[in-house]
Every structure is written in C-alpha cells, then in structure tokens.
Amino acid sequence: MGFFEQIIVLLERYYPYFLDGVKNTLIIAAMSVMLGVVFGTLMAIMRMCRIKPLRWLAVAYIEFVRGTPLMVQLMFIFYGLPMAGITFPDVPWIPNFSRFMAGIVAMSINSCAYVAEVIRSGIQSVDEGQMEAARSIGFKYGESMRLVILPQAIKNILPALGNEFVTVIKESSIVSVIGISDLMYGTNGVIALTYRSLPCLAIAACMYFILTFISSRLIALLEKRMKHGRK
Amino acid sequence: MEENNIIQVRNLSKSFGDLQVLNDISADFKEKQVVSIIGPSGGGKSTFLRCLNLLETPTAGSVIFKGVNLCSKIDINEQRQKIGMVFQHFNLFNNMNVMKNLTIAPMRIKGKSQEEAEEKAMSFLRRMGLEDKASSYPSQLSGGQKQRIAIVRSLMMEPDVMLFDEPTSALDPEMIGEVLDVIKQLADEGMTMLIVTHEMRFAREVSDRILFLDGGKIDEDRTADEFFDDPHSPRLISFLEKVL
Numbered sequence: 000m001g002f003f004e005q006i007i008v009l010l011e012r013y014y015p016y017f018l019d020g021v022k023n024t025l026i027i028a029a030m031s032v033m034l035g036v037v038f039g040t041l042m043a044i045m046r047m048c049r050i051k052p053l054r055w056l057a058v059a060y061i062e063f064v065r066g067t068p069l070m071v072q073l074m075f076i077f078y079g080l081p082m083a084g085i086t087f088p089d090v091p092w093i094p095n096f097s098r099f100m101a102g103i104v105a106m107s108i109n110s111c112a113y114v115a116e117v118i119r120s121g122i123q124s125v126d127e128g129q130m131e132a133a134r135s136i137g138f139k140y141g142e143s144m145r146l147v148i149l150p151q152a153i154k155n156i157l158p159a160l161g162n163e164f165v166t167v168i169k170e171s172s173i174v175s176v177i178g179i180s181d182l183m184y185g186t187n188g189v190i191a192l193t194y195r196s197l198p199c200l201a202i203a204a205c206m207y208f209i210l211t212f213i214s215s216r217l218i219a220l221l222e223k224r225m226k227h228g229r230k
Numbered sequence: 000m001e002e003n004n005i006i007q008v009r010n011l012s013k014s015f016g017d018l019q020v021l022n023d024i025s026a027d028f029k030e031k032q033v034v035s036i037i038g039p040s041g042g043g044k045s046t047f048l049r050c051l052n053l054l055e056t057p058t059a060g061s062v063i064f065k066g067v068n069l070c071s072k073i074d075i076n077e078q079r080q081k082i083g084m085v086f087q088h089f090n091l092f093n094n095m096n097v098m099k100n101l102t103i104a105p106m107r108i109k110g111k112s113q114e115e116a117e118e119k120a121m122s123f124l125r126r127m128g129l130e131d132k133a134s135s136y137p138s139q140l141s142g143g144q145k146q147r148i149a150i151v152r153s154l155m156m157e158p159d160v161m162l163f164d165e166p167t168s169a170l171d172p173e174m175i176g177e178v179l180d181v182i183k184q185l186a187d188e189g190m191t192m193l194i195v196t197h198e199m200r201f202a203r204e205v206s207d208r209i210l211f212l213d214g215g216k217i218d219e220d221r222t223a224d225e226f227f228d229d230p231h232s233p234r235l236i237s238f239l240e241k242v243l
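Chains as they are written, first to last, in numbering that gives the first Met the number 0: chain A, 0 to 230; chain B, 0 to 243.
Laid out in structure tokens, this is it:
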C-alpha cells in the first residue's frame with residue numbers, strides 16, 4: 000500500500016480520533032486565548048501603571064513566564080499544584096474536566112504574558128503626540144486613552160492577537176503529555192493502534208496547518224477590513 | 000500682580016535627569032501680546048513652552064495663569080482648556096475625521112451641542128477654504144492643511160492664549176506661508192500668543208516682543224525691532240549673524 004492510500008485508509012477508519020482531537024485543540028486554544036486576553040489586559044495595565052510595586056510584579060510575571068518553557072509551566076500546574084494541595088475539581092458531566100482545566104490554566108498563564116506584551120506595545124506604538132494633544136486640549140488621562148489612544152492601538156493589537164491565537168493552536172499540542180485528548184493525543188492513539196506513525200503524523204500536521212491557515216486568513220481579512228474602515 | 004498679565008513665570012527650572020534645560024526663568028506675558036521665542040536648538044525653547052501648560056512638570060518655580068498657580072494642586076485639565084497648543088507635528092487625532100477632531104473637545108468637555116459645535120467648525124473651515132475637508136481623515140491632508148486644522152482645533156475651545164511650538168518646522172517650504180498667514184490673522188484679531196519659531200522674518204513681523212532663549216536662560220527680551228536692530232547679548236549677536 001502506498002503512502003497516500005495509507006492516509007486515506009487511516010482517515011476512513013480512525014477519523015473520529017482526529018476530529019475529536021481537532022475539536023478539543025480548538026476548545027483549548029480558544030479558551031486559553033480568551034482568558035489570556037482578559038488577564039493579559041489587566042497585566043498590561045499593571046505593567047504601565049504608576050504604582051511601582053504593581054509594575055514590578057507585572058514585569059516579573061511577564062519576564063518569568065516568557066523565559067521558561069511552556070512544558071515546565073504545564074508540569075508545574077498539573078503535577079506541582081496538587082502536591083501543594085491545590086486541585087482542580089472534577090465535574091461528572093464533562094469527562095476529564097480537571098485535566099482540561101490544568102491544560103487551559105497553564106496555557107492561559109502562558110498566553111497572558113504574551114498578550115500583555117502585545118497590548119503594551121500596541122498602546123506604546125501610538126505616537127506620543129496624540130496623548131499630548133488630547134491632554135493639552137483639556138481631556139483627562141482616561142478620556143484621552145479611551146477616545147484617542149485605544150482606538151488607534153486596537154488596530155495594532157488585533158492582528159497581533161490573531162497571531163497569538165495561531166501560536167496557541169500550535170503550542171497547545173503540548174497538553175497531550177498530560178493526557179488531554181487534543182489532536183496530538185488522538186494522533187498518538189491512532190499510531191498506537193496501527194503502528195503507522197508517518198502517515199498519522201502527516202495527517203496531524205495537515206490538520207494543524209489547516210487550522211492555523213484558516214485562522215490566519217480570517218485575521219488577514221479582518222485586518223483589511225479595518226484598514227478600509229478609516230484611513 | 001499687574002492686571003493684564005495673563006501668564007507669569009516665576010523662577011522656572013526644569014531638569015531631565017542631570018541635564019538642566021531651563022535655569023531659573025522669570026517672565027511676564029501680557030494679554031493680547033504676541034511674543035516669539037527664538038534661540039538655538041537645545042536652548043530650551045520647546046521645554047519652556049511645554050512647561051506653560053504643564054505638559055512638562057517644572058522641577059522648580061511656578062507658572063501663574065490668570066492668577067492661578069498651575070504648579071499647585073488645582074485641576075490642570077480645567078486650566079488647559081483655556082490654553083491652546085499647536086504642535087510641530089500637528090498631532091491631529093488620527094482616528095477621527097476633521098469634523099470630529101474639531102468638535103470632540105467642545106462637545107465632550109464644554110458640553111456644546113453637536114449642532115452648535117459643527118456650525119462653528121464649519122465657519123472656521125470656510126474661512127480657511129477647507130470646508131470640503133470636513134469628512135477627510137488626517138492622513139489624507141497635506142502638512143499645511145493639517146496644521147491649519149490643528150490651529151482651528153485649539154480655537155474651537157475659545158482659549159485665552161495660544162502656544163505655538165515650531166508650527167512650521169515640519170512643513171514643506173511651499174506650505175509654510177499658508178500657516179503663517181493664519182497665525183498673523185489671529186494676531187490681528189488680538190489673540191494672546193507665544194510662538195516658538197525659526198522663521199525670523201515672520202517673528203519680526205508678527206511679534207510685539209521677542210525672547211532669546213539660550214542655555215536655559217532668557218538672554219534677551221526686547222521689542223521685535225530692537226531685537227533685530229539693536230541686540231545686546233553677544234550670543235544673540237552671533238546667533239543672528241548665522242541665521243540672517
């Protein structure tokens with residue numbers, strides 16, 4: 000049997016493994032980026048605020064998370080926290096809920112640091128003169144942010160957030176090591192059943208690629224729209 | 000305090016780290032007076048201007064605007080509404096079209112109705128021959144147009160004094176004239192103005208009084224004609240030799 004025939008046969012027989020994996024990968028990535036954006040925004044605000052201890056805390060967090068491997072962070076959350084007496088609860092109607100939570104929490108903690116930097120650089124890329132003009136005309140700091148700076152920053156931030164989503168889709172493959180049934184986990188399952196590792200990995204690679212390609216196209220579309228909106 | 004002094008600067012100093020940019024400056028500015036500030040780059044001209052509406056916080060000294068010490072605990076936003084500022088790089092709000100740029104502050108800060116604000120904006124635009132630009136975004140305008148709109152944006156707040164920070168330095172030569180004409184018109188209408196500029200002929204023509212700011216100090220403070228015809232400070236004399 001040729002390579003492509005193997006792929007077709009594998010897909011025919013085992014497609015639920017892959018599709019289930021895709022579904023879980025998407026759920027984890029979407030949840031992580033969502034939580035990452037919420038907490039990343041808070042972290043970015045802390046990073047830029049005037050209260051020094053808060054700023055230091057944010058800088059330390061961002062630097063530490065970005066400077067350590069996601070794998071270590073994941074292990075720390077999944078194995079380390081229970082040792083310290085912190086466990087994620089299980090809920091009966093969602094199988095493997097506590098594993099999922101550990102995965103999503105680790106990915107969110109990681110994503111949060113990157114999102115915070117995306118937001119900070121988005122805001123700081125707006126010309127300083129814009130803030131000065133707004134303040135000199137009599138707007139308060141908050142009003143200047145809301146009316147002038149953020150609407151301009153968002154144009155830099157949204158595309159970069161899209162890229163973060165693409166990155167998280169790819170990096171989420173790491174959660175398979177703690178037994179979350181994502182695309183990589185499903186692929187490993189099929190390999191274990193069939194001993195056909197190369198075609199299985201090819202299928203997984205294609206599926207990851209399709210996910211990231213579609214996402215990045217959608218982001219590009221959004222970007223174009225915004226450019227047309229206002230010159 | 001003299002009645003018609005609109006701005007009084009007292010012992011103003013400003014340092015950035017170890018670098019002292021302004022060194023114990025005191026000066027008074029009268030209502031309806033047009034004062035130009037001239038001097039070499041790095042002499043502290045822009046910093047001086049930016050201290051007057053507290054875009055830069057003075058290290059020492061005080062700025063008294065209409066009897067209110069801006070360096071004390073007051074609502075600076077309220078005072079800034081009365082001090083118009085025009086920047087070298089225009090700084091129009093890039094996310095708003097021209098009309099929005101002009102009306103947002105009067106509407107949001109002064110509570111003017113949209114109708115009233117737009118009518119006023121339109122009459123300004125018409126005077127400048129820019130009425131067809133009302134719905135354009137800043138990126139679609141030339142430098143000269145941007146700067147004229149930026150001046151109108153300040154005027155919309157009906158300020159008591161206008162600060163100009165090198166308003167023509169970022170413009171192509173052929174656009175400088177249109178901006179200077181607007182400033183001249185304002186001078187004729189009796190607007191109180193402080194202008195940091197490198198345009199010597201314009202400064203002489205429009206100003207009642209000119210300051211020479213060098214090394215963080217006011218080195219000369221004379222009427223426009225005396226400033227050019229009878230300079231005293233040796234540094235001013237050598238400066239004028241270079242630029243004239």
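Note that the Cβ used here is the ideal one computed from N, Cα and C, for glycine as well.
If you keep only unbroken alpha helix (DSSP H) runs of at least 4 residues inside the segment 17–63 of chain B, you get 44–51. Chain-ordered, the chain A residues with CB closer than 7 Å to the CB of B:Asn-52 read Ser-135. In the DSSP assignment, A:Gly-128 falls within the unbroken alpha helix (DSSP H) covering 127–136. Using beta-carbon distances, A:Gly-128 counts as an interface residue toward chain B, with a partner under 8 Å.
Counted as a single uninterrupted DSSP element, the alpha helix (DSSP H) harbouring A:Val-104 occupies residues 96–123.
Closer than 8 Å to the CB of B:Ile-103 there is at least one CB belonging to chain A. When DSSP states are grouped into helix, strand and coil, A:Thr-186 belongs to the helix group.
Secondary structure of B:Gln-80 (DSSP, three-state): coil.
Counted as a single uninterrupted DSSP element, the beta strand (DSSP E) harbouring B:Ile-5 occupies residues 4–15.
Residues of chain B whose Cβ lies closer than 9 Å to the Cβ of A:Gln-151 are, in chain order, Phe-92, Asn-93, Asn-94.
With a cutoff of 8 Å on beta-carbon distance, B:Met-192 and B:Phe-226 are scored as not near each other. Taking C-beta atoms as the reference points, A:Val-174 and A:Ile-76 fail to come closer than 8 Å.
Spatial neighbours of A:Met-45 in its own chain (CB-CB distance under 7 Å, excluding positions within 5 residues in sequence) are listed in chain order as Leu-53, Arg-54, Leu-56, Ala-57. Listed by position along chain B, the residues whose Cβ is nearer than 7 Å to that of A:Ala-28 form an empty set, because the closest Cβ is around 31 Å away.
With a cutoff of 8 Å on beta-carbon distance, A:Ile-156 and A:Val-117 are scored as near each other. For the pair A:Leu-73 and A:Ala-29, the CB atoms are not nearer than the 8 Å cut-off.
Following the DSSP letters along the chain, one finds A:Asp-19 inside the alpha helix (DSSP H) bounded by residues 2–47. If you ignore the 5 residues before and after B:Gly-83, its C-beta comes within less than 6 Å of the C-beta of Ser-153, Pro-158, Met-161, all in its own chain and listed in chain order. By DSSP's assignment, B:Thr-191 forms a beta bridge with B:Val-160. Separation of B:Lys-72 and B:Arg-234 (C-alpha to C-alpha, rounded to the nearest whole angstrom) is 38 Å. By the neighbour-count criterion, in which a residue is buried when 16 or more other Cβ atoms sit within 10 angstroms of its Cβ, B:Lys-145 is buried.
Following the DSSP letters along the chain, one finds B:Leu-170 in no alpha helix (DSSP H), marked with neither H nor E.
Under the Cβ distance rule, A:Ala-132 counts among the residues neighbouring chain B, one pair being separated by less than 8 Å.
One finds nothing in chain B with a Cβ atom closer than 8 Å to the Cβ of A:Leu-221; even the nearest lies about 17 Å away. B:Arg-208: member of the beta strand (DSSP E) spanning 208–213, first to last residue. Leaving aside the five residues that flank B:Met-156 on each side, the residues in its chain whose CB is nearer than 8 Å to its CB run, in chain order, Gln-80, Lys-81, Gly-83, Ala-104, Pro-105, Ile-108, Lys-109. The three-state secondary structure of B:Ile-73, taken from DSSP, is coil. B:Asp-180 carries a helical assignment under DSSP once its states are collapsed to helix, strand and coil.
A distance below 7 Å between beta-carbons, with the five flanking residues on each side excluded, links B:Lys-44 to the following residues of its chain, in chain order: Ile-36, Gly-38, Val-195, Leu-212.
A:Lys-51 has a beta carbon lying at 8 Å or more from every beta carbon in chain B.
The segment 115–132 of chain A and the segment 83–97 of chain B touch, with no fewer than 3 CB-CB distances between them shorter than 8 Å. Only residues of its own chain outside the window of five on either side were considered, and among them Val-125, Gln-129 have a CB closer than 8 Å to the CB of A:Gln-151, listed in chain order. Going by DSSP, B:Glu-219 is part of the beta strand (DSSP E) stretching over 216–222. Selection A:Gln-5, A:Tyr-13, A:Leu-25, A:Arg-49 evaluated against A:Ile-209 yields A:Leu-25 as nearest (Cα-Cα). Among the bridge pairs identified by DSSP, B:Val-67 is matched with B:Phe-64.
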